[in-house]
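Undergrad: The listed protein sequences correspond, in order, to chains A and B. Letter 140 of the first sequence, counting from 1, is numbered 174 in my numbering, and no numbers are missing. Letter 109 of the second sequence, counting from 1, is numbered 112 in my numbering, and no numbers are missing. From the three backbone atoms N, C-alpha and C, an ideal C-beta is built for every residue, glycine too. Before I ask anything, here is the structure I am working with.
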Amino acid sequence: MKTILSNEQLLLTIQRLSHQVIENHFPFNDTVFVGLQPRGYFLADRIVAEIQSHYPEKKLSYGKLDITFYRDDAHKGIHVANQTTIDFSIENKNVVLIDDVLYTGRTIRAAMDALVDFGRPAKVELLVLIDRRFNRQLPIQPDYTGKAIDSILSQKVTVDWQKPEVVLY
Amino acid sequence: MQLSTRHLLGIKDLTPQDIQLILDTAVQFKDVLQRPIKKVPSLRDVTIVNLFYENSTRTRISFELAEKRLSADTINFTASGSSAAKGETLLDTVNNILSMKVDMVVMRHSASGAPHFLAKHIPAAIVNAGDGINEHPTQALLDAFSIREKLGTLEGKKIAILGDIMHSRVALSNIYLLKKMGAEVTVAGPPTLIPKYLQQSFGVNVSYNIEETLRWCDVANVLRIQLERMNQPLFSSLREYNLAFGINRRLLDSLQKEIVIMHPGPINRGVELDSDVADSKQSIILQQVENGVAVRMAVLFLLAGKRSEN
């Protein structure tokens with residue numbers, strides 16, 4: 035077991051990611067935030083809260099997206115669906131898609147399919163905490179990266195939001 | 004989380020966890036059905052045949068819509084107008100359809116146990132859409148979903164099942180499901196339409212008094228009188244049935260509490276249910292139909308997830 039981001043590092047990384055988003059999206063008029071179920075929204079909660087703390091007067095659009103029904107492996111075992119809450123329009127908006135770990139890219143592929151069922155966004159960006167950069171199976175890259183790591187297939191990256199910290203098994 | 008079965012033949016075979024998983028998944032599908040694009044690509048690699056050996060409006064349309072909303076390919080078979088009319092056996096018909104690479108079979112048949120027979124002989128996953136007087140599992144699941152949506156939970160709720168219990172597959176599936184999920188069940192109707200062993204075998208209360216039962220219950224699930232399954236007279240006339248066992252506005256108002264009225268359809272208006280009850284605010288009959296699509300999507304989606312285990 036190896037700690038990738040300690041508690042302190044993780045909080046700094048979240049602050050940096052938030053500032054990068056602010057830099058690109060201020061004043062957030064056409065920006066919406068979408069956290070992926072079931073784990074990405076823990077990060078999204080913190081990113082959105084961090085941005086909100088700098089601009090308490092702004093009303094940020096933030097929703098959660100579940101991709102269970104859009105997976106390309108629906109027939110390989112049972113997948114439990116989670117709630118999707120997108121109660122705003124994404125038509126012509128700049129969507130910041132937020133997930134904790136980017137690995138094969140298949141989740142993000144499914145997320146983009148799911149997203150376009152809600153409308154046609156002007157632009158979709160991807161924000162991830164951990165990028166396992168040598169394990170991609172699809173041509174998908176993040177726009178904002180917390181930390182890029184080199185890992186092999188048998189390893190597992192876990193974000194523990196209780197502590198919080200990120201570890202590699 | 005796992006479904007314990009690869010077919011849905013009856014509620015009898017499901018665990019409470021299975022039922023919970025199906026109902027929870029259906030909540031998310033209901034959400035999908037409220038969106039502008041009511042379709043997801045989950046089952047685009049699945050072909051489903053709807054095999055209907057008995058008449059159906061709601062169930063057939065509901066299954067077909069559920070399949071289409073899941074992006075599955077569907078084919079429809081109805082006994083009339085097919086080679087079944089020429090005497091082809093059930094197994095031959097199904098094997099011929101399966102040789103065209105079909106993955107799942109949704110079937111309704113007038114013989115109790117027909118889907119169980121098929122499950123033993125063919126590799127495809129089978130969903131029972133009603134077999135004779137045995138079970139109609141997706142109806143019980145959508146009834147449970149509708150009750151849960153209205154009252155929050157099934158546990159400890161008092162559910163009355165009224166009318167023709169004897170010939171009703173809806174009643175049997177509902178009894179299995181409600182007991183598994185911790186609800187209290189009373190069946191009520193004329194003695195000739197209630198099988199004797201119900202109380203001992205299933206732990207349900209039996210009553211022959213509709214008014215008393217309505218006073219007791221939170222939900223009344225009213226069943227259709229199935230004249231087509233009665234080969235001897237079991238009550239003297241429809242008019243008399245209505246007077247003794249039918250539910251009308253006056254009776255409901257006299258209860259001085261608001262109970263939920265359900266009916267699996269088709270309704271015999273003026274027999275088991277009067278129009279001023281069927282169309283009232285207390286009735287959730289059309290919500291049941293709406294929920295049916297989401298519940299069937301959940302069943303098909305979860306069973307499709309079991310296919311790789313063959």
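Can you pull the DSSP bridge partners for residue 124/A?
TA: Looking up residue 124/A in the first sequence gives position 90. Bridge partners of residue 124/A according to DSSP: none are assigned.
Undergrad: For the stretch 166-179 of chain B against the stretch 129-142 of chain B, do three or more pairs of beta-carbon atoms, one drawn from each stretch, fall closer than 8 Å, so that the two count as touching?
TA: yes
Undergrad: On the CB-based measure, 16 or more other CB atoms within 10 Å of its CB, does residue 197/B come out buried or exposed?
TA: Stepping through the second sequence from its first residue, residue 197/B is reached at position 194. Its Cβ being crowded by 16 or more others within 10 Å, residue 197/B is buried.
Undergrad: I'd like the list of long-range same chain contacts for residue 204/A, defined as Cβ closer than 7 Å, with 5 residues on each side in sequence excluded.
TA: No information on residue 204/A is available, as it lies outside the stretch 35 to 203 that chain A covers here.
Undergrad: Just curious, the beta strand (DSSP E) that residue 208/B is in, first and last residue?
TA: Locating residue 208/B in the second sequence gives position 205, counting from the first residue. Residues 208-210.
Undergrad: For residue 187/B, which of helix, strand or coil comes out of DSSP?
TA: Position 184 of the second sequence, counted from the start, is the residue given in the question as residue 187/B. Residue state for residue 187/B is assigned as strand, using DSSP reduced to three classes.
Undergrad: For the alpha helix (DSSP H) containing residue 3/B, name the first residue and the last one.
TA: Because chain B in this structure spans residues 4 to 313, residue 3/B falls outside the shown range and cannot be described.
Undergrad: Tell me whether residue 179/B is buried or exposed, calling it buried when 16 or more other Cβ atoms sit within 10 Å of its Cβ.
TA: Within the second sequence, residue 179/B is the residue found at index 176, counting from 1. Buried is the call here.
Undergrad: How is residue 305/B classed by DSSP in three states: helix, strand or coil?
TA: As a first step, residue 305/B must be located in the second sequence, where it is residue number 302. In the structure shown, residue 305/B sits in a helix (DSSP, three-state: H, G or I).
Undergrad: Which residues of chain B have a Cβ atom closer than 8 Å to the Cβ of residue 100/A, listed in chain order?
TA: Translated into the one-based positions of the first sequence, residue 100/A becomes position 66. Within chain B, the residues near residue 100/A are 31.
Undergrad: In angstroms, rounded to a whole number, what distance separates the CA positions of residue 313/B and residue 307/B?
TA: As a working note, residue 313/B is residue 310 in the second sequence. As a working note, residue 307/B is residue 304 in the second sequence. Reliability of the predicted coordinates at residue 313/B is poor, the pLDDT of 47 falling under 50, and no value is obtained from them.
Undergrad: What ranges does the alpha helix (DSSP H) occupy inside the stretch 139-188 of chain B, keeping only unbroken runs of at least 4 residues that lie completely in it?
TA: 140-154 and 172-183
Undergrad: Given that residue 6/B touches chain A, what residues does it touch there, using C-beta distances under 9 Å?
TA: The sequence position of residue 6/B within the second sequence is 3, counting from 1. 112, listed in chain order.
Undergrad: Ends of the alpha helix (DSSP H) at residue 58/A?
TA: Mapped onto the first sequence, residue 58/A falls at position 24. 41-59 is the extent of the alpha helix (DSSP H) around residue 58/A.
Undergrad: What is the residue span of the alpha helix (DSSP H) that residue 85/A lies within?
TA: As a position in the first sequence, residue 85/A is number 51, starting the count at 1. Counting along the chain, the alpha helix (DSSP H) containing residue 85/A begins and ends at 74-88.
Undergrad: Along the stretch 109-138 of chain A, what residues have a CB closer than 8 Å to any CB found in chain B?
TA: Listed by position, the residues of the stretch 109-138 of chain A near chain B (Cβ gap below 8 Å) are 109, 110, 111, 112, 113, 114, 115, 116, 117 and 118.
Undergrad: Please give me, in chain order, every unbroken run of the beta strand (DSSP E) with length at least 3 that falls completely inside the stretch 65-145 of chain B.
TA: The stretch 65-145 of chain B contains these whole beta strand (DSSP E) runs: 76-81, 107-112 and 128-134.
Undergrad: Is residue 96/A close to chain B? Criterion is C-beta to C-beta, closer than 9 Å.
TA: For the purposes of this step, residue 96/A is taken as residue 62 along the first sequence, with counting starting at 1. So, not an interface residue.
Undergrad: Report yes if the CB atom of residue 298/B is closer than 9 Å to the CB atom of residue 141/B, and no otherwise.
TA: Residue numbering aside, residue 298/B sits at position 295 when the second sequence is read from its first letter. Residue numbering aside, residue 141/B sits at position 138 when the second sequence is read from its first letter. The answer is yes: Cβ separation under 9 Å.
Undergrad: Return helix, strand or coil for residue 165/A, following the three-state DSSP convention.
TA: As a first step, residue 165/A must be located in the first sequence, where it is residue number 131. In the structure shown, residue 165/A sits in a strand (DSSP, three-state: E or B).
Undergrad: Would you tell me roughly how many angstroms separate the C-alpha atoms of residue 116/B and residue 124/B, rounded to the nearest one?
TA: By 1-based counting over the second sequence, the position of residue 116/B is 113. By 1-based counting over the second sequence, the position of residue 124/B is 121. Residue 116/B and residue 124/B: Cα-Cα distance of roughly 13 Å.
Undergrad: For the stretch 64-88 of chain B, which residues have a CB atom closer than 7 Å to at least one CB atom of chain A, in sequence order?
TA: none
Undergrad: Quick one: residues in its chain with C-beta nearer than 7 Å to the C-beta of residue 80/A, no 5 flanking neighbours on either side, listed in chain order?
TA: As a working mapping, residue 80/A is identified with position 46 in the first sequence. The answer, listed in chain order, is 48.
Undergrad: Are any of the Cβ atoms in chain A nearer than 9 Å to that of residue 307/B?
TA: For the purposes of this step, residue 307/B is taken as residue 304 along the second sequence, with counting starting at 1. Closer than 9 Å: yes.
Undergrad: Would you grab the beta carbon distance between residue 119/B and residue 12/B for me? Rounded to a whole angstrom, and I think it's under 8 Å.
TA: Locating residue 119/B in the second sequence gives position 116, where the first residue counts as 1. Locating residue 12/B in the second sequence gives position 9, where the first residue counts as 1. Indeed they touch by this definition, with Cβ atoms about 5 Å apart.
Undergrad: Quickly, what does DSSP pair residue 265/B with across the bridge? List them, please.
TA: For the purposes of this step, residue 265/B is taken as residue 262 along the second sequence, with counting starting at 1. In DSSP, residue 265/B forms a bridge with 224/B.
Undergrad: Considering Cα atoms alone, identify which of 27/B, 57/B, 50/B and 42/B is closest to residue 232/B.
TA: The residue given as residue 232/B occupies position 229 in the second sequence. Residue 232/B has its Cα closest to that of 57/B, out of 27/B, 57/B, 50/B and 42/B.
Undergrad: Where does residue 313/B fall in DSSP's three states?
TA: Reading the second sequence from its first residue, position 310 is the one you call residue 313/B. With a pLDDT of only 47 at residue 313/B, under the threshold of 50, the placement of this residue in the model should not be trusted; the figure read from the coordinates follows. Residue 313/B falls in the coil class under three-state DSSP.
Undergrad: For residue 105/A and chain B, any beta-carbon pair shorter than 9 Å?
TA: Within the first sequence, residue 105/A is the residue found at index 71, counting from 1. With 9 Å as the cut-off, residue 105/A counts as an interface residue toward chain B.
Undergrad: Quick one: which chain A residues come within Cβ less than 8 Å of residue 28/B?
TA: As a working note, residue 28/B is residue 25 in the second sequence. Neighbours of residue 28/B on chain A, chain order: 114 and 115.
Undergrad: On the DSSP bridge list, what partners appear for residue 53/B?
TA: Stepping through the second sequence from its first residue, residue 53/B is reached at position 50. Partner(s): 79/B and 109/B.
Undergrad: For residue 34/B, return the contacting residues in chain A, with the cut-off set at a CB-CB distance below 8 Å.
TA: Taking the second sequence and counting its residues from 1, the one referred to as residue 34/B is at position 31. Those are 117 and 118, listed as they occur along chain A.
Undergrad: Which term fits residue 109/B, buried or exposed, when burial requires 16 or more other beta carbons within 10 angstroms of its beta carbon?
TA: Reading the second sequence from its first residue, position 106 is the one you call residue 109/B. Classification of residue 109/B: buried, given that the 10 Å Cβ count is 16 or more.
Undergrad: In terms of DSSP beta bridges, what is residue 22/B paired with?
TA: Taking the first residue of the second sequence as position 1, residue 22/B is located at position 19. The partner list for residue 22/B (beta bridge, DSSP) is empty, contrary to what the question assumes.
Undergrad: Mind listing the chain B neighbours of residue 147/A? Cutoff is C-beta to C-beta under 8 Å, in chain order.
TA: Working through the first sequence from its first residue, we reach residue 147/A at position 113. Under the 8 Å cutoff, chain B gives 44.
Undergrad: Tell me which same chain residues have a C-beta within less than 7 Å of the C-beta of residue 44/A, skipping the five on either side of it?
TA: Here residue 44/A refers to the residue found at position 10 of the first sequence. Hits under 7 Å: 198, 199 and 200.
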